[in-house]
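Engineer: I have a structure here, written as structure tokens, and I will follow up with some questions on it.
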Amino acid sequence: HWVVDKCGINLQNYPHIKEAAGLIRKGEVVAFPTETVYGLGGQVKLDSAAEKIFQAKGRPSDNPLIVHIADRAEVDELAHSIPPYAYLLMNAFWPGPLTVVVPKKEGVLSERVTAGLPTVAIRMPNHPVALALIKESGVPVAAPSANRSGKPSPTAAKHVLDDLNGRIAGIVDAGETGVGLESTVVDCTGDYPIVLRPGGVTQADIESVAGKTDTDTTLKQKEETPKAPGMKYAHYAPEAPLFIMEGLPAVIQQKVDEWRVEGKKVGVLATEESTGLYKADVVIPCGRRSDLTSVAKELYGTLRSFNEQPVDVIIAEAFPAEGVGAAIMNRLEKAAGDKWIKAK
Ligand code: TXA
Ligand code: MG
Numbered sequence: 005h006w007v008v009d010k011c012g013i014n015l016q017n018y019p020h021i022k023e024a025a026g027l028i029r030k031g032e033v034v035a036f037p038t039e040t041v042y043g044l045g046g047q048v049k050l051d052s053a054a055e056k057i058f059q060a061k062g063r064p065s066d067n068p069l070i071v072h073i074a075d076r077a078e079v080d081e082l083a084h085s086i087p088p089y090a091y092l093l094m095n096a097f098w099p100g101p102l103t104v105v106v107p108k109k110e111g112v113l114s115e116r117v118t119a120g121l122p123t124v125a126i127r128m129p130n131h132p133v134a135l136a137l138i139k140e141s142g143v144p145v146a147a148p149s150a151n152r153s154g155k156p157s158p159t160a161a162k163h164v165l166d167d168l169n170g171r172i173a174g175i176v177d178a179g180e181t182g183v184g185l186e187s188t189v190v191d192c193t194g195d196y197p198i199v200l201r202p203g204g205v206t207q208a209d210i211e212s213v214a215g216k217t218d219t220d221t222t223l224k225q226k227e228e229t230p231k232a233p234g235m236k237y238a239h240y241a242p243e244a245p246l247f248i249m250e251g252l253p254a255v256i257q258q259k260v261d262e263w264r265v266e267g268k269k270v271g272v273l274a275t276e277e278s279t280g281l282y283k284a285d286v287v288i289p290c291g292r293r294s295d296l297t298s299v300a301k302e303l304y305g306t307l308r309s310f311n312e313q314p315v316d317v318i319i320a321e322a323f324p325a326e327g328v329g330a331a332i333m334n335r336l337e338k339a340a341g342d343k344w345i346k347a348k
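Printed below as a string of structure tokens:
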């Protein structure tokens, strides 16, 4: 567990980053901060490194990993037939929370990294520690979020330790991450971009750069198998059952009261604006409704903190699914297993 400051590259931090990179070069796996969530990194050429990642996370092996790079030139070493709009997106949003899925070059990456798919997901994170670590490793770094499979993604080193302590070679700790939700995954293999996983870069952001843009239809209909394999799994869930409810706090309070009469201990995932309006067993604010980026930043930490509370059931306020709200509601619905409560 190496603690470094957010700027990463000063001389005091550098020995730690070098040591972590040395482990990655040797085929070990190390957790590191990005601007979205902590990742669990291993080098992309070794099957054994990818296997260690899947093992540590308990992740199904059919779910491919994102390849993290620190240098744009690496895109053309990893992929081919990249459409012009994909380069426009990279120019606009890299380094940053955007992942492009493009046709992969054969024989460059471990097949485990891409789970045997003909495509590869690539992103350049906007975090000085991540970029320094990747550069120092000398190879692209495959990294999923550094949580046990099914748990909320880690936005602080403590979350990584809670899930993976003893299962990985180390963790580079640079404090809390920024965006708080994972990158936007965009399929760039067709005539126009298709959002496979909403994230820090919004659909409107992508449209403003690439023109016509669509969303994976399975995100809208929830029936077919999603094109990003990871989107089909239950995810992000706290231990107590979680329900989402629309409406004003006074309406949500009625459901809280109903459950408490039945003897249940009820938690509410609220906002700073509404926390004082509830009477429940545990009320935790998750950012400010007036600023959805603050909700995104705190969502996973809030879901995790309910596990330290004696609650039988949790109700989360719903958020408007616009802009970054689309990513918030996508993750909240997954965490809730799509359980909604309708007001009477
Ligand atoms: O912000 C992030 O993206 C974080 C940080 C660590 O960079 N990483 C992350 O990785 O969220 P992970 O493994 O938790 O999620 C990767 C998602 C999964 O839904 C996976 O199925 C999808 O990207 N994916 C990866 N490769 C793909 C491919 N070739 N085609 C379609 N989807 C792919
Ligand atoms: Mg993940």
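The UniProt record's numbering runs 4 ahead of the 1-based position in the sequence shown.
Where a beta carbon is used, it is the ideal one built from N, C-alpha and C, also for glycine.
Please find out if some non-hydrogen atom of ligand 2 comes closer than 7 Å to the beta-carbon of residue 32.
Structural biologist: No.
Engineer: In terms of alpha-carbon separation, which member of 84, 33, 348 and 94 lies closest to residue 188?
Structural biologist: Nearest option by C-alpha distance: 94.
Engineer: Give the DSSP-derived three-state secondary structure of residue 219 in the structure shown.
Structural biologist: Note: residue 219 maps to strand in three-state DSSP.
Engineer: Secondary structure at residue 56, three-state DSSP: helix, strand or coil?
Structural biologist: Looking at residue 56 - three-state DSSP - the assignment turns out to be helix.
Engineer: Mind checking whether residue 183 and residue 204 have CB atoms under 8 Å apart?
Structural biologist: Yes, they are a contact pair.
Engineer: Can residue 186 be considered in contact with ligand 3, in the sense that its beta carbon sits closer than 7 Å to one or more heavy atoms?
Structural biologist: As far as ligands go, the structure on display features ligand 1 and ligand 2 and does not contain ligand 3.
Engineer: Roughly how many whole angstroms lie between the Cα atoms of residue 311 and residue 89?
Structural biologist: Distance between the alpha carbons of residue 311 and residue 89: 43 Å.
Engineer: Run through the stretch 57 to 130 for me and flag every whole alpha helix (DSSP H) of 4 or more residues, listed as ranges in chain order.
Structural biologist: Counting only runs of 4 or more, we get 77 to 82 and 88 to 97.
Engineer: Would you give the residue range spanned by the alpha helix (DSSP H) that residue 29 belongs to?
Structural biologist: Per DSSP, residue 29 belongs to the alpha helix (DSSP H) from 18 to 29.
Engineer: To which residues of the same chain is residue 277 closer than 8 Å at the C-beta, ignoring the five residues directly before and after it?
Structural biologist: Result list for residue 277: 292, 293 and 294, in chain order.
Engineer: Output yes or no for whether 8 Å exceeds the beta carbon distance between residue 156 and residue 308.
Structural biologist: Closer than 8 Å, so yes.
Engineer: Ligand 2 and residue 65: does the residue's C-beta get closer than 7 Å to at least one heavy atom of that ligand?
Structural biologist: No - ligand 2 has no heavy atom lying nearer than 7 Å to the Cβ of residue 65.
Engineer: Can you give the Cα-Cα distance for residue 41 and residue 185, rounded to whole angstroms?
Structural biologist: Cα to Cα, the separation comes out at about 6 Å.
Engineer: Kindly examine ligand 1 and report whether one of its heavy atoms sits closer than 7 Å to the Cβ of residue 135.
Structural biologist: Because no heavy atom of ligand 1 lies under 7 Å away, the Cβ of residue 135 does not count as near it: no.
Engineer: Would you mind working out which of 279, 78 and 314 sits nearest residue 356, comparing C-alpha positions?
Structural biologist: Nothing can be reported for residue 356: it is not among the residues displayed for the chain, which extend from 5 to 348.
Engineer: Would you kindly work out how many angstroms separate the C-alpha atoms of residue 126 and residue 336, rounded to a whole number?
Structural biologist: Taking the straight line from one Cα to the other gives about 25 Å.
Engineer: Quick one: is residue 326 buried, meaning 16 or more other Cβ sit within 10 Å of its Cβ, or exposed?
Structural biologist: So residue 326 ends up on the exposed side.
Engineer: Quick check on DSSP: helix, strand or coil for residue 188?
Structural biologist: Note: residue 188 maps to strand in three-state DSSP.
Engineer: By how many angstroms is the C-alpha of residue 289 removed from the C-alpha of residue 344?
Structural biologist: The alpha-carbon atoms of residue 344 and residue 289 are separated by roughly 20 Å.
Engineer: Does the distance between the C-beta of residue 305 and the nearest non-hydrogen atom of ligand 2 fall short of 7 Å?
Structural biologist: For ligand 2, not one heavy atom lies less than 7 Å from the Cβ of residue 305.
Engineer: Among residues of its own chain, excluding the 5 on either side of residue 322, which ones have a beta-carbon nearer than 6 Å to its beta-carbon?
Structural biologist: Once the five neighbours on either side are set aside, the close Cβ partners of residue 322 are 248 and 250.
Engineer: Measure the CB-CB distance between residue 145 and residue 8 and report whether it falls below 8 Å.
Structural biologist: No, the Cβ-Cβ distance between residue 145 and residue 8 is not below 8 Å.
Engineer: Can you look up residue 321 in the DSSP assignment and give me helix, strand or coil?
Structural biologist: It is a strand residue.
Engineer: Mapping DSSP to helix, strand and coil, what is residue 200?
Structural biologist: Strand.
Engineer: Which whole-angstrom value is the C-beta distance of residue 190 and residue 102, which I expect to be below 8 Å?
Structural biologist: Confirmed, about 7 Å.
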